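In structure tokens:
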């Protein structure tokens with residue numbers, strides 16, 4: 001997981017459950033033998049198959065998967081990463097539990113590594129340059145795994161090499177506001193080394209912001225307050241608790257965009273034009289290096305930072321496996337996770353891959369036995385080089401752009417599957433809410449509460465829906481994992497599923513050993529999910545959603561659930577109307593467009609209901625499903641954010657403006673509010689962004705209206 | 001028709017045929033009564049219906065349509081243009097011969113008109129400014145129609161107002177090369193008035209090129225050599241022949257792009273952001289005015305040009321009519337033409353609209369009688385404001401972008417349907433070749449030859465195909481009419497169909513009265529197509545193609561026919577390999593991609609053949625048809641030509657480079673060849689364009705491969 005928005009992790013509270021856990025919450029009528037696979041056009045979701053799937057997803061097998069996956073560090077393109085490619089291939093080609101076919105695609109991509117001969121250094125020096133103190137070059141070997149020769153030393157991937165030296169200035173989180181504040185206080189920033197802590201803004205942004213003030217180099221440390229609920233002593237931290245040891249250092253990519261840096265919009269295949277790395281954009285402008293809090297607390301005065309990172313072209317593999325659809329093989333339900341980690345990566349990403357392998361095993365077994373074949377095709381994916389910037393998944397979407405745009409029904413991402421044992425957490429676009437709810441209602445939550453996953457979820461994350469009343473609240477999709485190119489670049493309905501923690505019990509920014517050498521199997525086994533029941537719960541939820549999407553006659557996507565989002569964005573926009581009206585910008589067309597969407601979605605759902613009562617012919621069903629599948633695409637606009645690489649979704653592109661409305665509108669409004677007096681064209685941009693949103697909503701409504709209406 | 005690439009017109013040679021002409025070339029088995037409309041998923045093309053359509057398309061009705069349509073001038077948005085909107089609506093809503101539904105969409109668009117109070121002038125003046133001679137302000141009233149008060153005076157739409165004065169310089173066609181040549185000859189261009197003739201380069205380009213050399217104003221005249229095969233005397237010209245009278249002036253749009261100038265990429269609806277017209281681009285940089293050859297021959301010395309054109313926001317309507325598909329209502333076959341003319345517009349565009357109305361009448365009658373309903377939906381369109389820059393059709397594609405991208409099977413354009421009586425002429429993308437050939441083989445050519453349209457066609461335009469041997473040659477689609485936004489912006493397989501002339505008999509650049517006040521009903525009735533048999537031939541061809549596209553179980557598009565284009569582009573590229581290799585650019589990946597496409601297309605056609613032998617289920621047919629429909633989309637790239645408004649098709653975007661290969665590659669190569677020594681990044685652009693083509697071809701091949709292959 002590259003960047004985390006909703007957090008996970010609670011210790012101890014989860015009851016350890018038996019491995020052969022009884023699934024007690026199914027509302028599925030038990031029946032006789034599973035039916036033979038049928039290729040009839042009316043083939044629909046078979047509740048008995050769904051039940052079988054739920055029963056056979058095995059927590060212990062997930063645990064064994066995780067042990068194997070996290071046994072050794074498997075940094076992208078490392079020998080162990082390549083060995084895992086073979087492991088995945090072997091599993092997916094297994095004659096008894098494999099898929100119809102599996103293969104790899106290799107991309108030659110630009111990664112960034114520390115220099116093996118010349119380690120990065122952070123030294124405190126005196127005025128003559130003599131070294132008074134040196135930061136650690138690696139984490140302390142606490143449990144054995146940290147001493148593995150394949151542990152990559154802490155570094156900031158894509159940070160440029162350089163050896164800046166200067167007085168140390170504490171710059172909080174390294175946000176624009178933080179540096180402005182220092183400037184206001186007349187702290188000298190020119191040629192300084194800024195010490196920042198993780199959080200608040202993206203990794204790369206700390207260097208970008210610092211460089212604007214003449215800062216020469218940046219350090220980033222993990223603050224115990226942000227990650228350990230304040231705990232910082234060795235005996236309070238791993239292996240004594242889930243907390244991060246003092247020597248732990250969060251690695252990460254400092255690349256601003258995603259995808260291979262040298263081949264934006266083109267697959268990083270041998271034939272593709274590559275930018276010269278001097279011309280690539282999105283790298284930090286100045287050297288930057290992460291350190292642990294053990295070192296951070298002793299730093300003072302003059303600091304010398306030596307960064308010797310090197311850019312290297314490497315071959316990174318995706319592994320893809322497919323189960324051919326019986327009825328609509330040209331409709332794809334995609335399910336994926338990345339394979340590469342920073343170190344052993346037990347939590348990130350192996351908790352996800354362990355679930356992926358168990359899910360593909362159970363489905364593969366049903367397939368090979370002849371018990372089942374899905375209505376639509378299922379594509380399993382193990383992405384390479386995610387940690388460097390979602391590279392494998394992005395290159396995949398670039399290479400298969402047309403095919404995916406034509407045929408992809410949805411993308412399910414399960415990266416870190418378990419942050420902690422408290423509750424389900426799902427991020428996704430509104431149309432996936434209903435299918436996730438259906439699944440979550442059908443599965444028991446881990447622990448002894450007796451609640452369904454749904455009823456448990458609603459206790460932790462909920463909102464009041466004008467339509468449904470109190471429901472669990474879905475998070476939105478940023479760019480934290482491989483779903484980003486699917487939703488932002490391709491407009492494919494996407495989701496990310498995990499189990500996470502109770503926010504009342506910890507304020508950790510993310511699970512404490514994130515991207516460190518302490519993220520190991522024992523860490524998961526002892527602290528995150530003893531008994532692996534949360535893993536099993538995620539496997540069941542994701543598997544349930546996957547089967548519903550692949551097998552239901554009508555796609556279980558509810559387009560009407562977009563109406564709530566549009567309403568809330570519209571209401572937020574209406575708070576801007578005073579200033580908008582002063583600049584002759586009317587929200588009237590937006591109101592009309594939202595109403596048209598709502599009306600079209602409601603009528604559309606009624607048409608589905610009517611069809612479901614009768615016996616619709618295969619093409620009537622297909623037409624409806626095409627509308628359901630393609631709705632998300634209608635929200636893309638090539639004109640909205642031409643300067644934002646890949647982002648084109650007018651609802652979910654990054655929002656920097658403070659008003660929670662359509663991002664293009666919010667950002668342009670905030671710009672105009674700040675600069676509009678000097679630059680009247682800033683208000684033109686507000687009007688332009690508003691028009692783009694209106695045109696997209698009108699297009700979305702048009703897609704939902706009866707197909708022979710023009 | 002805005003800009004003409006393939007020319008039409010031959011006089012006298014066509015035999016006048018009886019109106020109830022017998023169609024003798026059908027290979028259709030005659031049968032009993034037409035079957036009742038069926039909504040079975042296997043509904044296929046009914047040859048009896050096709051035969052009925054061919055028989056009922058009536059030359060005399062087309063003639064009467066044309067008389068009505070061209071009775072009065074109907075410049076875009078004029079009262080008569082609006083009256084024709086009502087005429088179309090009335091026809092398409094007729095209870096006995098109308099469509100399922102019809103309606104209008106209005107766009108508020110920026111047009112350009114002469115100033116009613118202050119006519120544009122071209123005067124020869126002496127050194128004191130006294131007027132020695134004035135050009136005509138309007139054409140001579142030769143047949144009565146030219147005296148109609150609604151005739152718009154000759155002008156260059158979108159030319160800026162201004163009153164430049166200076167010595168006259170003859171600048172041939174006003175191409176870049178022409179001005180360079182004058183400069184070489186040390187002719188003083190600064191502050192001069194350039195006299196240019198139509199042809200060679202686009203209208204607006206003459207002003208753009210002139211302005212670069214300091215020219216103050218431009219005149220454009222129609223040379224009798226280019227348009228009248230040299231004839232220039234009044235008694236040699238209309239109404240005595242089809243030739244242009246001396247006073248005739250070609251009007252036209254001088255806008256460089258297409259679509260509404262103020263709302264690029266957005267529909268020109270009330271809610272859309274509009275550029276300030278000062279910020280709009282694509283208008284001629286200096287005043288320019290068209291004149292007749294009568295005036296051009298007496299011009300000399302000092303000339304004063306007064307242009308008083310005004311930009312005006314006007315409401316322009318499209319009229320749309322739809323026949324709902326019985327089986328796949330969500331698949332659209334579009335058939336359209338523009339409605340607006342410069343003056344009476346008998347040829348341009350009313351010959352096309354007269355055919356459109358006859359075709360919709362016959363199909364509407366079959367529909368209303370309950371004899372027939374197409375498998376797919378048919379959308380008829382009458383576009384507004386085409387003459388100003390394909391505005392109505394472009395705004396339509398902007399407004400319904402998503403829906404059309406998802407569902408449009410093909411676009412058939414019939415603008416000027418008859419240039420002359422010699423032969424069919426079709427421009428289109430390769431997949432439409434086979435359906436056009438099928439239609440053309442089935443219909444008798446006008447005249448007494450006894451040949452089919454196909455066999456007649458091959459006598460005039462042919463090529464040797466490596467696959468088929470000697471076949472009629474299809475032209476390519478530029479941006480001459482409303483097909484442009486469909487093919488270039490949306491990637492919809494498109495075609496333009498017309499009857500045209502024998503090039504051995506005339507070298508006229510286009511039919512002589514093009515865009516003048518002499519383009520009248522009598523002109524068509526007496527000279528272009530007496531008896532209207534060529535109109536009928538076009539109606540039959542276009543109707544035949546339309547019915548095959550709307551009714552065939554498998555879409556009659558042959559994707560394999562793209563292979564010949566790719567091969568020929570590849571061969572042309574291989575001629576560049578010496579210089580490419582010097583810059584380390586290999587064509588290997590392009591060779592591989594072309595081979596992959598060929599292989600995928602061949603296998604795909606084999607799969608169709610196999611399916612056709614059996615009894616494919618409805619979803620198997622739909623899958624194949626989706627691949628056929630969407631192939632054209634895969635050739636679009638948002639990254640290929642970011643500076644070329646709307647153009648995104650990597651095969652058919654405008655090519656300025658001299659090598660007949662992929663336009664992006666050709667253009668970049670030509671740039672690099674000229675500037676590469678000074679600017680090594682020019683070769684990077686060649687490599688980038690090559691990668692874009694390879695990625696598009698790989699994507700196209702992927703779309704054609706078996707759908708469950710990844």
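Residue numbers (my numbering), protein chains in the order written: chain Z, 1 to 710; chain W, 1 to 710. Beta carbons: idealized from backbone N, C-alpha and C, even for Gly. The structure displayed is predicted, hence computed values, not measured ones.
I'd like to know whether the C-beta of residue i is nearer than 9 angstroms to at least one C-beta of chain Z.
i, result
"residue 588 of chain W", "yes"
"residue 246 of chain W", "no"
"residue 713 of chain W", "The structure shown does not extend to residue 713 of chain W, since chain W is modelled only from 1 to 710, so the question has no answer here."
"residue 19 of chain W", "The predicted position of residue 19 of chain W is uncertain, since its pLDDT is 32 and thus under 50; a value taken from the coordinates is nonetheless stated next. No, no contact with chain Z."
"residue 728 of chain W", "In the structure as shown, chain W begins at 1 and stops at 710. Residue 728 of chain W is therefore absent and cannot be evaluated."
"residue 144 of chain W", "no"
Going by the CB atoms, is the gap between residue j and residue i shorter than 9 angstroms?
i, j, result
"residue 544 of chain W", "residue 443 of chain W", "yes"
"residue 597 of chain W", "residue 700 of chain W", "yes"
"residue 730 of chain W", "residue 42 of chain W", "Chain W is shown only over 1 to 710; residue 730 of chain W falls outside these bounds and no answer can be derived."
"residue 377 of chain W", "residue 428 of chain W", "no"
"residue 547 of chain Z", "residue 53 of chain Z", "yes"
"residue 653 of chain W", "residue 642 of chain W", "no"
"residue 291 of chain Z", "residue 220 of chain Z", "yes"
"residue 270 of chain W", "residue 160 of chain W", "no"
"residue 342 of chain Z", "residue 515 of chain Z", "yes"
"residue 112 of chain Z", "residue 309 of chain Z", "yes"
Within 9 angstroms of any Cβ in chain W, is that where the Cβ of residue i sits?
i, result
"residue 111 of chain Z", "no"
"residue 597 of chain Z", "no"
"residue 592 of chain Z", "yes"
"residue 690 of chain Z", "yes"
Got a sec: is the Cβ-Cβ distance from residue i to anything in chain B below 9 angstroms?
i, result
"residue 654 of chain W", "Looking for chain B here will not work: the only protein chains present are Z and W."
Terminal residues of the continuous alpha helix (DSSP H) containing residue i?
i, result
"residue 74 of chain W", "From DSSP, residue 74 of chain W is part of no alpha helix (DSSP H); its letter is neither H nor E."
"residue 139 of chain W", "It is not in any alpha helix (DSSP H) - residue 139 of chain W carries neither H nor E in the DSSP assignment."
"residue 594 of chain Z", "588-613"
"residue 224 of chain Z", "224-227"
"residue 52 of chain Z", "47-56"
Check for me: the beta strand (DSSP E) holding residue i runs from which residue to which?
i, result
"residue 703 of chain Z", "Not the beta strand (DSSP E): residue 703 of chain Z falls in the alpha helix (DSSP H), residues 681-704."
"residue 618 of chain Z", "Taken as a continuous stretch (DSSP letters only), residue 618 of chain Z belongs to no beta strand (DSSP E), being part of the alpha helix (DSSP H) at 618-630."
"residue 383 of chain Z", "376-383"
"residue 338 of chain W", "328-338"
"residue 103 of chain W", "101-113"
Can you tell me whether residue i sits near the ligand ATP, meaning its C-beta is under 8 angstroms from at least one heavy atom of the ligand?
i, result
"residue 205 of chain Z", "Within the structure as shown, the ligand ATP is missing, as the structure has no ligands at all."
Item to check | Against chain W: residues of the segment 301-327 of chain Z by CB proximity under 8 angstroms | outcome: 320, 322, 324, 325 and 327
Next on the checklist: Tell me whether the segment 135-148 of chain Z and the segment 515-533 of chain Z touch, counting them as touching only if at least three CB pairs, one residue from each stretch, are closer than 8 angstroms.
Outcome noted: yes
Checklist entry - Should the segment 194-207 of chain Z be called in touch with the segment 169-186 of chain Z, which here means at least 3 C-beta pairs below 8 angstroms? => result yes
Checklist entry - Does the pairing of the segment 657-671 of chain Z with the segment 678-696 of chain W give three or more beta-carbon distances under 8 angstroms? => result no
Checklist entry - Are at least three pairs of beta-carbons, each pair with one atom in the segment 380-397 of chain W and one in the segment 70-85 of chain W, less than 8 angstroms apart? => result yes
Next on the checklist: Output needed in chain order: residues of the segment 631-644 of chain Z with a Cβ under 7 angstroms from some Cβ in chain W.
Outcome noted: 633, 634, 638 and 639
Item to check | Residues within the segment 613-624 of chain Z neighbouring chain W, beta-carbon criterion of under 7 angstroms | outcome: 617, 618, 619, 622 and 623
Checklist entry - Pairing CB atoms from the segment 187-201 of chain W with CB atoms from the segment 149-169 of chain W, are three or more of them under 8 angstroms? => result yes
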